[in-house]
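K.L.:
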Amino acid sequence: MRKLILIVVVGLALGALFGQLMVSVPGYWLIRVGETSVQTSFWFGLVLLLAAFLALHFTLRILARLSRPVSRFKVWNSRTRHRNAMRRTVRGLVALAEGRWKRAEKSLVKAADDSSTPLVNYLSAALAAHYQGRFEQADTLLKRAHLSTQGADTAVGLMQVQLMLDRQQYEEALAILTRLDRQLPNHPQVLKQLKQAYLSVNDWEGLRRLMPRLAARQLVSADERNELELRAYRELLIQEARDPSHVERVRNLWADMPDSLRGNVELIALYTEALVRGKEEGIAERLLRHSLKEHWDSRLVLRYGLLNVDPARQLVHAEKWLQERPNDPDLLLTLGRLSLRNAYWGKAQEYFEASQRQRPSGVVCAELARLYANLGEHNKSQLYYRQSVELLDKSLPSLPQPAETATNGGDKGRKAS
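In the working numbering, the protein residues as written are 849 to 1265.
Below, the structure is given as structure tokens:
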């Protein structure tokens, strides 16, 4: 209401001012053409002149529009096609999200040429064709996507890699990812897909080198990183240990290993085996000795007893451990074996028997049986051999066996054969 009153007041003021000007500034217009003349007041003529100018301006604009009907129609048609393409694109994306692949592909491809985002249309259509199992059509649509938009190499490459991984074309996917990684070394999606590709082709060296980059960009959790690094180093140690000449590679691998993994008992055992095969038993002995100070484990203790470096020094170290663990059956077994290496037959017998008392074992019985046999005590040797067989028999799985008292045992035997 206040605005309306203000407008009325301003209008009245302007009208009064204009009226005052008309009174205070007299004048007239005189137009004469031949014998005809037209005379009017200055202000009325001014209004007529302004009206004529406006009329001429609008007339010229209308004529200009009427002179370009084809271009105007093209603009209208283009806008209409873009609107229709947008509607088809939306319908295609909705169908893609709902899993209606055929409908999605049809709508997206039909709208691609008129769409303002043809790259999105072709990439989504390629995904729909892939899910239908039409792999050749998907590849064709990816090529169209690449041609439709300048600078779309990365987007098309990542989509192509994802489709190849789904089809289990791991080698081809890895080749594309290697190229993309050179172009975009810090791209998060490239790094994630590289991890998947390395795992798929069992490229443990590639995965090992990739893990620090993934961790630096927080693309893997701490638990996943530990799990993948453990798996990669385990497989690499197993691979390199197969060839004794690769012992230097094994040592370099251990040197590059994160500190958190060097305390893993499984990796220590694998590294020890690789060193032993590479004639580096001295390094293996020091590794086991230092590892047992930090991580006492029966597997490492037993492996220490099988080394043949300096039996006398090994026996001294092992007997020091016995002071802290006097009833450890695995340590007693190791001490017995080290005693044998030092030709301490009586001490070996005592350690084996102590281990057997702590925990009956078929392995310990077999050691005692062999020792007594070589000492000439065959009765004791036979006794421990039987105990060894009985203990080993208990560890076997429960399976059907032929009955000893069956009268038709031979028939069963022939039937089984």
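Beta carbons are placed, not taken as given, at the ideal position from N, Cα and C, and that holds for glycine.
Return the Cβ separation of N1156 and R1110 in integer angstroms, given the expectation that the two are a contact with Cβ distance under 8 Å.
P.N.:
Incorrect: roughly 25 Å between the Cβ atoms, too far for contact.
K.L.:
For the structure I just gave you, are there three or more beta carbon pairs, one from the stretch 1233-1247 and one from the stretch 1208-1220, closer than 8 Å?
P.N.:
Output reads yes: the stretch 1208-1220 touches the stretch 1233-1247.
K.L.:
Whole angstroms is fine: what's the gap from Q1206's alpha carbon to R1185's?
P.N.:
Using only the alpha carbons, I get a separation of about 17 Å.
K.L.:
Using the rule of at least 16 other Cβ atoms within 10 Å of the residue's Cβ for burial, across every protein chain shown, is L852 buried or exposed?
P.N.:
It counts as exposed.
K.L.:
Which value, in whole angstroms, describes the spacing of the CA atoms of W1052 and R931?
P.N.:
So the two alpha carbons sit approximately 51 Å from each other.
K.L.:
So V1049 is in the alpha helix (DSSP H); what residue range does that whole segment cover?
P.N.:
Note, V1049: alpha helix (DSSP H), P1036 to V1049.
K.L.:
Applying the criterion that 16 or more other CB atoms from any shown protein chain within 10 Å of the CB defines a buried residue, is G940 buried or exposed?
P.N.:
It is buried - the Cβ of G940 has at least 16 other Cβ atoms within 10 Å.
K.L.:
Please state whether DSSP places V1095 in a helix, a strand or coil.
P.N.:
Helix, per DSSP.
K.L.:
Let's see if you can read the secondary structure: which residues bound the beta strand (DSSP E) around S885?
P.N.:
Segment T884 to S889, the beta strand (DSSP E) holding S885.
K.L.:
Look at the Cβ atom of L1022, then the Cβ atom of A1003, and state whether they are nearer than 8 Å.
P.N.:
Against a cut-off of 8 Å, the Cβ pair of A1003 and L1022 comes out as no contact.
K.L.:
Is it the case that the Cβ atoms of L1219 and L1181 are separated by a distance below 8 Å?
P.N.:
It is not a contact, given that the beta carbons lie outside the stated cut-off.
K.L.:
Do the CB positions of Y1199 and L1223 come within less than 8 Å of each other?
P.N.:
No. Outside cutoff.
K.L.:
Using the rule of at least 16 other Cβ atoms within 10 Å of the residue's Cβ for burial, across every protein chain shown, is E1096 buried or exposed?
P.N.:
With fewer than 16 Cβ atoms within 10 Å of its Cβ, E1096 is classed as exposed.
K.L.:
Quick one: is M1012 buried, meaning 16 or more other Cβ sit within 10 Å of its Cβ, or exposed?
P.N.:
Buried, since its Cβ has 16 or more Cβ neighbours within 10 Å.
K.L.:
Taking 7 Å as the limit between beta carbons, can you name the residues of its chain near A1196, skipping five residues before and five after?
P.N.:
So the qualifying residues of the chain are G1184, S1187, L1188 and L1219.
K.L.:
May I ask which residues mark the beginning and end of the alpha helix (DSSP H) holding L1229?
P.N.:
Note that residue 1229 corresponds to Ser in the displayed sequence, not to Leu. From DSSP, the alpha helix (DSSP H) with S1229 extends over H1226 to S1243.
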